[in-house]
Amino acid sequence: MTAVLVLEDGRTFGGDAYGASGTTVGEAVFCTAMTGYQETLTDPSYHRQVVVMTSPHIGNTGMNDEDGESRRIWVSGFVVRDPARRPSSWRSRRDLGDELADSGVVGISGVDTRALTRHLRERGAMRVGVFSGDALRTGSGESERQRTSAELLELVRSAAPMSGADLAGEVTTTAAYVVPAVGTRRLVVAAIDLGIKATTPAELAKRGVEVHVLPAAASIDDVLAVRPDGVFFSNGPGDPAATDGPVALLREVLGRRLPFFGICFGNQILGRALGLGTYKLRYGHRGLNQPVLDRATGRVEVTAHNHGFAVDAPLDGPVDTDFGRVEVSHVCLNDDVVEGLRCLDVPAFSVQYHPEAAAGPHDAGYLFDRFVALMHGTDLHEVLDHDQERGDHQGRAHNAGPGHDEEPGGRD
Amino acid sequence: MPRREDITSVLVIGSGPIVIGQAAEFDYSGTQACRVLRAEGLRVVLVNSNPATIMTDPELADATYVEPITPEVVEAIIALERPDALLPTLGGQTALNTAMALAANGVLEKYGVELIGANVAAIEAGEDRQLFKGVVERCGAQTCRSVVAHTLEDCLDAAGELGYPMVVRPSFTMGGLGSGMAYDEKDLRRIAGGGLHESATTEVLLEESIIGWKEYELELMRDSSDNVVVVCSIENVDPMGVHTGDSITVAPAMTLTDREYQHMRDVGIAVIREVGVDTGGCNIQFAVNPDDGRMIVIEMNPRVSRSSALASKATGFPIAKIAARLAVGYTLDEIPNDITGTTPASFEPALDYVVVKVPRFAFEKFPAADATLTTTMKSVGEAMAIGRCFTEAMQKALRSVERSGSEFHWDGEPGDAAQLLERSRTATDGRIVTVQQALRAGASVEQVHDATGIDPWFLDQIALVEEVAADVRSATELTRGLLRAAKRHGFSDVQVGALRSMREDVVRGVRHALGVRPVFKTVDTCAAEFAASTPYHYSSYDFEDEVTPSGRRKVVILGSGPNRIGQGIEFDYSCVHAAFALADAPDGGFETIMVNCNPETVSTDYDTSDRLYFEPLTLEDVLEVVHAEQRSGEVVGVIVQLGGQTPLGLAQGLADAGVPMVGTSPEAIHLAEDRGSFGRVLAEAGLVAPRHGTASGFAEAKAIADEIGYPVLVRPSYVLGGRGMEIVYDEESLAGYLVRATSSQLRITPDHPVLVDRFLDDAIEIDVDALYDGTELYLGGVMEHIEEAGIHSGDSACVLPPVTLGRADIHRVRVQTEAIAQGVGVRGLLNVQFALASDVLYVLEANPRASRTVPFVSKATGVPLAKACARLMLGESIADLRRAGLLPLTGDGGTLPAEAPVSVKEAVLPFKRFRTPQGLVVDTVLGPEMRSTGEVMGIDLDFPSAFAKAQSAAYGGLPTSGTVFVSVADRDKRAMLFPVKRLRDLGFEVLATAGTAEVLRRNGIASRLVRKHSEGTGTDGEPTIVERILAGEVDMVVNTPSGRSARADGYEIRAATTSVDRPIITTVQQLAAAVQGIESRQETASDGGVRVRSLQDHTAALHRVWGGRS
Ligand SMILES: Nc1ncnc2c1ncn2[C@@H]1O[C@H](COP(=O)(O)OP(=O)(O)O)[C@@H](O)[C@H]1O
Ligand SMILES: Nc1ncnc2c1ncn2[C@@H]1O[C@H](COP(=O)(O)OP(=O)(O)O)[C@@H](O)[C@H]1O
Ligand SMILES: [Mg+2]
Ligand SMILES: [Mg+2]
């Protein structure tokens, strides 16, 4: 069965229906990851986005019960070239195509995804619609006919744009829940769920942290109620400029000098809480191969990215804010985009990329250790000196440490 | 960190001759390294005995030593050049082992040379299998249960512990040399015995077998500030048990979830750190249990490898180039990614296509060899293909291999599924086709998976190909949609034609009429995230084309495809030179466009030509490239003469399709290639060829043989490398040959006739490479073969300038070569082979193309023949090129002065790699069918020294003292007397078998009688010669086979010699040369060690006295 992909600027691509058939509109973004489609699909940050996979073969390892990053698939549409006809992995439980269909995710396959990616690269991320099955037709009985491309384009243009969208509320957990520490509990963290991925609390828990995951709308009292040693803001979808509640909450946190760590959207919220601006990247960073420089250690880490917006901060030296000085701690070597912030006068830092990976390389796992150290009262500079001495060696190599082989293919 | 300022000169060690397991990929990596280091302003000193390489081009290093890669020689070079550092990680195992030896014997310390790229400890930790296991465990990962053994006894004990089957692997070897799978004690004794011998440290590792697990490789790079990136993941289609070099492999990995992949990545990174590879590339292999994901680390190579060359071509991330930069101090983030130009190298490439590599084997040349694929690498080359999906890449790769039967097919009936499944259990060359036939015959993916262990995902993709084939076959008409579907999954026009019983060109016509054409995508390292500035393209039946228009005059150069015996790196050399020469041709030069599918080569480096198309070398694929380029600008012509027989074979088809060709015309090519017409050319010029005829069956063949007389030489027409060629001594064996020839893939038919030639006994063979521009002939060089005619030119040693030919002979050679060049109508290079018998000069054959010897001649005379050829093809004359300084102002390779250095080319044969199913080495007699994989060059002031160098470069080298065993056929008894006498005088003890001993005694040459193998061990246990050889009591063996088929005795002797690695001499001509070589070695030994001299110095000296060129 055929399907059509229509971009906001009128360019269309034909293909075959994949997953559910029907209509979907959202923001077209491309992801260059060669592995981890299951994690990608279940990452709440992709809410309202139609994801184009540049890697041609998708679905080869099926869908399993361990790798989901949240309770459901969030992408609003999925564009691939060659979906697997049969999955092959001892962990596979379900076929990807079936799972997309069951979750009502409209997809399209057989697309020249490279051409589409090049188009998005040149023209920037834009709205897109995918139509298949009945969605391609209109009217009924006598008057039933194919929808014209003009009509399809109209549907795309009428969709809400990503800029200005406040989406955290749509993806966050409804009720607070606790992820217990692995082994003895050493610390407690209040984690604000703006679209959190399961691996993040898991990484903290592994380090003896009890994680209280709170809804995006949590108040400072809700936060203080769990008597946290530190506060964490997660990744999530939408335009940081349109997300005010969390910004206000974070200012309360910073004012109380509570140790803070933010990832992705959390990094943008920190930027705004400090009074810095945020802006939309032309086509964003989405992939598992982005080189990021840790300006403190001079080390390059290969990192997982998924962001369409970025913080606007000067790369040359600290700036003053309501909460003292802040400096850019990490930059992307591909395009000098700000990838991390470090406050020099309050115990707070954040990164734009994904140390929790899932999917992606584990190079940045040490950041969770930094957060833990910060909560133990070591101030950031000491943490850094410490990191430099050990050259982050264990910090990274421990990803490969024992415990790996306890569960097959498990990540520690 | 910027580049280190404390290093001003670097010694780079190459990998020597092309052998199985160590091939052109090291020319690619070495060439990149030399270029980078020089660009960094460092003085580069290079040693490599392989003349066919680009890296040994004088322009690529400041001092190029074409000398044997032995610790002694390299020490001499160090003493002379005093480099600050030694870069050992780009020349394969050869370079690594030599560097380790120089570190061990204190030479590096003595001369204050620093190892860069890897340190001794790291190399040991990586290469010593036992140390390595410790490393892996410290990284929290797993290895196979195993036991290290230093003696056979240890091995047998271990068997009890590990149980059979068991993998036996020596330390410090490459390509699985000496390793194997032992299913019982007999195997164990055999393999472990060999293994202990191969290992530089007489150590073997016995390991639990995990045959059938999924096999993966990661290519990693680390810099001096401990940044690590994984450049590429590779998945083997053939599971564990088949050497990665022999497996069909795919990049990126197709069947790993992110969890498993990241786990592998973490372990890989932990291992490279723990091993302590300070900078550069390394390759780590993993095995994954398909049932529970348990992962095991198999091994690592702390250097660039065959796989890193593959990874570089597969991703566009030039590992060797970057490794060289890292070695001199840069960090990954300081090195730009040349493809995007804007982003740094400290990232991990993202692929939006699929890459498939298929190995190329040469079992047809070793009928006795066991063709099952095991842990020992047996392939001689590989082809790589890129497609937007697996099916497309796979089918392109299978046709790139260029072997009949290598592609999926639908001829006849598939046969019985059960039998096909049974056959597919054993891994062999072409198993993938058996798998396809099994699926075609109705076997299920599960059944095939059970039989082969190949992952169901790959099998399902082959099933998909089957389904498409079924649709194509059953459809009432070939619609656009159907054709698109077929092309999208990699079907060639030939395959579609076969399914629809249509001719290839008709399919193509229909396809073009329906507007079904490929687009060309770009390899950009980043899945289109950033714009690519490097035109490295591959075809795909997708929608958007990325070829950018260009106003320049373009020339398309067709490469030579996968390396194979008879067509190797020498041809890549010529193609690369053409690209260089045309870029700087007069009036702005040409835009050069390379088409090739061999990932090992320099020609497929995107730096070599202006545009690179990584495509199969078939008529269809080449036509589409030409079409794409014609759409984007003017194509002046296509060059088919430099890539060997592969592109030559496409000449007519291209011309028929109206493609502009440059150089020798297809008609002229036919004149030289077709026996009949070539005979007429010779006749008109009054030249003689051995009497011959062409037969399409036994009756005709017999008639011809009876007329011209036995012995005759028989072979199929249109072959390279003497494929299927035999010397036949009587009618009976002639009949035998025809039976075999008609059955085997030689497929003798009326349109593929057999050529029957009078075989010239005791003829001196002469090889000539010449340039012709239509009026003037430039004799590039005249090579005199050491072995008599009858030993394939590719396998026999040769010397330039000739050492026994007189000026008159050379004059005759010149005159006849010119007559042929003119008669055929050559524009460019011509190779002629002559045989001089009883003072008659016979023309054996003429190849209207660059030959295997072009690089050798170019280096021996310091004249770039291939460059000159390319420029001639595009219209310049020899006179122009003399003026342009590309050729000497006066004279040529036929007028070399007496002072000219003498160069000897010696062939390197792979016999030791191949075992019969019984585990014996295959016979080593040379014949008219070429079987060498590579060559070395020895260059010095006189023949004996040059010959001695060539010998030590090719293998252990000639002995200077000890015991020689002599046993020669009757026809050789007279010729052997003088040399054997000389050996006695030089202090050797001579062992001989009865017949030979008798002749020696009568001639007053003392020798010790030894028992023949057939006589068996004596009553009081006197050992037979074979036992003595195996016991290492013999330092050199002289054994010339009697008659055509080596008699059992001869075979046993040669086999024993090969397995203990002693020089084996099978012709009297070799013997004479060897004796001279031994003398010179004794002299040099007495006057203080080896004499080394750089190619640049040799050339400068030569050109001072010759050719009027400063
Ligand atoms: N324990 C094992 N069981 C089965 N096959 C093995 C085992 N170890 C190695 N192999 C096979 O042998 C091949 C060569 O082994 P490897 O250690 O890579 O030697 P080399 O140094 O020659 O590459 C591997 O590619 C793999 O397919
Ligand atoms: N008539 C002949 N007499 C003796 N030797 C011959 C004769 N013809 C060919 N040979 C030997 O066979 C080898 C291969 O023959 P050739 O015609 O060169 O085939 P190829 O095309 O493989 O090079 C030659 O190098 C030569 O040694
Ligand atoms: Mg290996
Ligand atoms: Mg020949």
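Protein chains in written order, with the working numbering: chain Z, 1 to 412; chain U, 1 to 1110. Ideal Cβ placement from N, Cα and C applies to all residues, glycine included.
Any Cβ of chain Z within less than 8 Å of the Cβ of K702/U?
-> So no, K702/U is outside the interface.
Can you grab the Cα-Cα spacing for the pair T694/U / R758/U, in whole Å?
-> Taking the straight line from one Cα to the other gives about 12 Å.
Contact check, F260/Z vs A125/Z under 8 Å by CB: the rounded distance?
-> Between F260/Z and A125/Z, the beta carbon gap of about 29 Å keeps them out of contact (Cβ cut-off 8 Å).
L115/U versus T428/U: straight-line alpha-carbon distance, rounded | Between the alpha carbons of L115/U and T428/U lies a gap of roughly 41 Å.
Would you kindly work out how many angstroms separate the C-alpha atoms of G241/U and L156/U, rounded to a whole number?
-> The straight-line gap from Cα to Cα measures roughly 21 Å.
Please find out if some non-hydrogen atom of ligand 2 comes closer than 7 Å to the beta-carbon of A695/U.
-> Residue side-chain check: A695/U keeps its Cβ at 7 Å or more from all non-hydrogen atoms of ligand 2.
Any idea what DSSP makes of Q142/U, helix, strand or coil?
-> Three-state result, Q142/U: strand.
Output the distance between the C-alpha atoms of I210/U and R431/U, rounded to the nearest integer angstrom.
-> Straight-line Cα distance between these residues: approximately 20 Å.
Find the nearest neighbour of E208/U within the set P165/U, D238/U, G663/U and G987/U, judged by alpha-carbon distance.
-> Distances from the alpha-carbon of E208/U to those of P165/U, D238/U, G663/U and G987/U put P165/U closest.
Of all the options D767/U, V250/U and V230/U, which has the alpha carbon lying nearest to the alpha carbon of P239/U?
-> Per the Cα distances, V250/U.
Taking the continuous beta strand (DSSP E) assigned at A292/Z, which residues delimit it?
-> Per the sequence presented here, residue 292/Z reads as Val, with Ala not at that position. Note, V292/Z: beta strand (DSSP E), G277 to D294.
M976/U by DSSP, collapsed to three states: which one?
-> Correct three-state label for M976/U: helix.
Just the C-alpha distance for V595/U and T608/U, rounded to the nearest angstrom, thanks.
-> Their backbone Cα atoms lie some 11 Å apart in a straight line.
Listed by chain order, chain U residues near T449/Z by CB distance under 8 Å | Outside the shown range of chain Z (1 to 412) lies residue 449/Z, about which nothing can therefore be said.
Enumerated in chain order, which unbroken segments of the alpha helix (DSSP H) with a length of 4 residues or greater are wholly contained in the region 423-503 of chain U?
-> The region 423-503 of chain U contains these whole alpha helix (DSSP H) runs: 431-440, 445-452, 456-474, 480-488 and 493-500.
Indicate the three-state DSSP secondary structure (helix, strand or coil) for D27/U in the structure shown.
-> Here D27/U carries a helix assignment [DSSP, helix/strand/coil].
G1127/U: which of T618/U, I20/U, S858/U and R974/U sits nearest, CA to CA?
-> Here chain U comprises residues numbered 1 to 1110, so residue 1127/U is not present and cannot be evaluated.
Contact belief for M1/U with S224/U at Cβ below 8 Å, rounded distance in angstroms | That pair is a contact at about 6 Å.
Which value, in whole angstroms, describes the spacing of the CA atoms of V1118/U and V840/U?
-> As shown, chain U starts at 1 and ends at 1110. That puts residue 1118/U outside it, with no answer to give.
Using a Cβ-Cβ cut-off of 8 Å, state whether P711/U counts as contacting chain Z.
-> Not closer than 8 Å to any Cβ of chain Z, the Cβ of P711/U fails to qualify, so no.
Check whether the Cβ of P928/U lies closer than 7 Å to any heavy atom of ligand 5, and answer yes or no.
-> As for ligand 5, it is missing from this structure, which binds only ligand 1, ligand 2, ligand 3 and ligand 4.
Contact test: G195/U Cβ vs ligand 1 heavy atom, cutoff 7 Å = Outside the cutoff, so no.
Less than 8 Å between the CB atoms is what I'm expecting for A866/U and L881/U, so what's the real figure, rounded?
-> Wrong, their Cβ atoms sit about 12 Å apart, outside the cutoff.
Determine, using beta carbons only, whether W457/U comes closer than 8 Å to chain Z.
-> By this cut-off, W457/U is an interface position.
Contact set for R185/Z: own chain, Cβ-Cβ below 6 Å, skip 5 residues either direction | Setting aside the 5 residues that flank it on each side, R185/Z is surrounded in the same chain by E210, each with a C-beta closer than 6 Å to its C-beta; the list follows chain order.
Close Cβ partners of V510/U (< 7 Å) along its chain, the five nearest in sequence each way excluded = Within its own chain, the residues whose Cβ lies closer than 7 Å to the Cβ of V510/U, once the five positions on either side in sequence are excluded, are L478, listed in chain order.
Own chain, CB closer than 7 Å to I272/U, minus 5 neighbours either side, in chain order | Closer than 7 Å at the Cβ level, and outside the excluded window around I272/U, lie L220, R222, V228 and C282.
In the region 39-57 of chain Z, which residues sit with their C-beta less than 8 Å from some C-beta in chain U, listed in chain order?
-> The region 39-57 of chain Z vs chain U, Cβ under 8 Å: E39, T54, S55, P56 and H57.
Examine chain U for any beta-carbon lying closer than 8 Å to the beta-carbon of V302/Z, and answer yes or no.
-> It does; some Cβ of chain U falls within 8 Å.
Among R82/U, H752/U and G658/U, nearest to S696/U - alpha-carbon criterion = Taking the Cα of S696/U as reference, the smallest distance to any Cα among R82/U, H752/U and G658/U is reached at H752/U.
Mind pulling the chain Z residues with CB within less than 7 Å of S1133/U?
-> This structure leaves residue 1133/U out entirely; chain U is present only between 1 and 1110.
Could you tell me whether the Cβ atoms of P17/U and E929/U are closer together than 8 Å?
-> For P17/U and E929/U, no; Cβs fall outside 8 Å.
Can you tell me the Cβ-Cβ gap for V433/U and R564/U, rounded? I've got them flagged as a contact below 8 Å.
-> In fact, because the Cβ distance is near 18 Å, the residues do not count as touching under 8 Å.
Counterpart residues of V857/U in DSSP-defined beta bridges | In the DSSP output, where bridge partners are listed per residue, V857/U has none listed.
Would you grab the beta carbon distance between A118/U and T89/U for me? Rounded to a whole angstrom, and I think it's under 8 Å.
-> Indeed, because the Cβ distance is near 5 Å, the residues count as touching under 8 Å.
How do the region 609-618 of chain U and the region 579-592 of chain U stand: do at least 3 beta-carbon pairs fall below 8 Å, yes or no?
-> In short, these stretches touch, since the Cβ pair count reaches three.
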